[in-house]
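The sequence shown runs 190 to 607 under the numbering used here.
Glycine included, every Cβ here is placed at the ideal spot set by N, Cα and C.
Have a look at the structure below before the remarks.
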Amino acid sequence: MMNIGTNIIYLCRVILSFLLIVFAVMMLSCHVSEAAGRISGLRIGQGVSSVRIVFDADKEFDYNVFLLNSPKRLVVDTKNVYVGKALEKTKDKNNLISQVRVGDIYDGKTRIVFDLLKPVVVKKVFMLPPQSTFKWRLAIDVTVASEREFASKTGVNYAHGDKTLSSGKNQTFKNDPQTTTAAKKQNTKKIVVIDAGHGGHDPGAIGYSGVHEKNITLAMAKELKRQLDRKGSYKVYLTRSSDIFIPLRKRVEIARKYKADLFISVHADSALNRKATGLSVYTLSETASDKEAAALAERENKADIIGGLNLYEQSKEVSDVLISLAQRETRNRSSEFAKCLVDQMRKSVKLISDTHRFAGFAVLKAPDIPSVLLEMGYLSNKNEERLLRQESYRRKLAASTVKAIDRYFEDMKHKSLF
Ligand SMILES: [Zn+2]
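In structure tokens form, the structure reads like this:
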């Protein structure tokens, strides 16, 4: 009897664990399907007399398609669907579209612009439900037309869903043609955005002798920009070039606006233990690598609360969506760069053990830009503070960072992850 009883209990346990797993998987898939969808691909094909543009997506989404003149563009505004920058790599063999650009307009809307080489008219726009191996698809058929036909069709909306999308053409688009002409010229240059941590009413860490982290980070950011500019192969932007306060989310937006290929946030930590020294490099992770990393992320994320308004919390929902949709690609690339950075820094300065760490830094949450946070050292340590205040020391740190950036982009060329 005992034996049967134990067996039954054992069997029940097995069934229960199985059910729990099934339940967990169901919950997980529900959660995923409830999140915003994403456009996973773009194809440009050729029909008999028309060109078909197809977006692949895992969910149905709202859109508005219309034409704009001077210069000629076909515009697709979308809402609540994640659109990766990878779409920009799509090439058109029909000699109709010179380039594809993806940019944000506010309220969760994304604009995809097709720069046209010839005047076209839109013949048909339709959404197709999943079928066999295909997911949701938005298809747009266009044909080459006369200048007059084109002009007569500009301003016509092919919209579906959200009404605010129909006024799409009046939205301010962060990638205006004016800016992209400039961008085109620098196309071969990699874009690096350097973020000097803290600023304005947020001093960051206070050093051993009272120096403010915000001033050290700004000096370092400027030095790094100077050295990168000198190379001529990078286009470098700073999130701030003076002593001003910028919310963390805004810093991410700046990087996305500039379509950064790499984002580096520069910081210097402080610790109660005044003996703590060494440099470390962080990349984004929901789970911190250890308590120290978690505490540091919390300290850095507090920057947004200092102004009295918790901007970080406001944007948490948004960043959570972004982060859940974050391409694995971006994380891999961030880690690749972190590795390059640690390798170079090892040659010139003292590192903390486990130099590459992970934590949930708000400033690293751009879903499509490889991002790292560099903690140059501890301002709370007398010796390290002295070093960080020295221009020559920062020059050394910047030189190693430049080498790491060179190395990273060189490696990426060969990997072509997209
Ligand atoms: Zn900091």
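| Item | Value |
| --- | --- |
| Measuring only from the beta carbon, is Glu-402 closer than 7 Å to any heavy atom that is part of ligand 1? | yes |
| Can we say the stretch 321–335 touches the stretch 236–248, given the rule of at least three CB pairs closer than 8 Å? | yes |
| Is it true that the stretch 534–544 meets the stretch 376–389, where meeting means three or more beta-carbon pairs spaced less than 8 Å apart? | no |
| For Ile-433, which residues of its own chain have a beta-carbon under 7 Å away from its beta-carbon, when the five flanking residues on both sides are left out? | Gly-388 and Gly-389 |
| Would DSSP call Ala-348 helix, strand or coil? | strand |
| Excluding the 5 residues flanking Asn-364 on each side, which residues of the same chain have their C-beta closer than 6 Å to its C-beta? | With a pLDDT of 43 at Asn-364, under the threshold of 50, the predicted position of this residue should be treated as unreliable, though the coordinate-derived value follows. Within the same chain, Asn-364 has close Cβ partners Arg-290 and Gly-292. |
| Please report the distance separating the alpha-carbon of Thr-332 from that of Ser-341. | 14 Å |
| Determine contact between the stretch 472–484 and the stretch 451–458, defined as no fewer than three beta-carbon pairs at a distance below 8 Å. | no |
| Which one or two residues does DSSP pair with Tyr-271 in a beta bridge? | Arg-227 |
| I need the straight-line Cα distance from Gln-288 to Glu-277, nearest angstrom please. | 7 Å |
| Measuring straight from C-alpha to C-alpha, what distance separates His-349 and Lys-312? | 16 Å |
| I'd like the list of long-range same chain contacts for Val-441, defined as Cβ closer than 7 Å, with 5 residues on each side in sequence excluded. | Val-552, Lys-554 and Ala-555 |
| To which residues of the same chain is Ala-334 closer than 7 Å at the C-beta, ignoring the five residues directly before and after it? | Pro-308, Val-309 and Val-310 |
| According to DSSP, is Glu-564 helix, strand or coil? | strand |
| Using only the heavy atoms of ligand 3, determine whether one of them is closer than 7 Å to the beta carbon of Glu-574. | This structure does not include ligand 3; its bound ligands are ligand 1. |
| List the endpoints of the continuous alpha helix (DSSP H) containing Ile-443. | 437–446 |
| Cutting at 8 Å between CB atoms, please list the residues of its own chain near Ala-279, excluding the five before and the five after it. | As written in the sequence, residue 279 is Thr, which differs from the Ala given in the question. Answer for Thr-279: Leu-231, Arg-232, Ile-233 and Val-289, listed in chain order. |
| Return yes when the C-beta of Gly-386 is under 7 Å from any heavy atom of ligand 1, and no when it is not. | yes |
| Ordered along the chain, which non-local residues of its own chain (more than five positions away) have a Cβ less than 7 Å from that of Phe-315? | Ala-328 |
| Answer yes or no: the CB of Gly-234 versus the heavy atoms of ligand 1, is any distance below 7 Å? | no |
| Which whole-angstrom value is the C-beta distance of Ser-469 and Glu-564, which I expect to be below 8 Å? | 5 Å |
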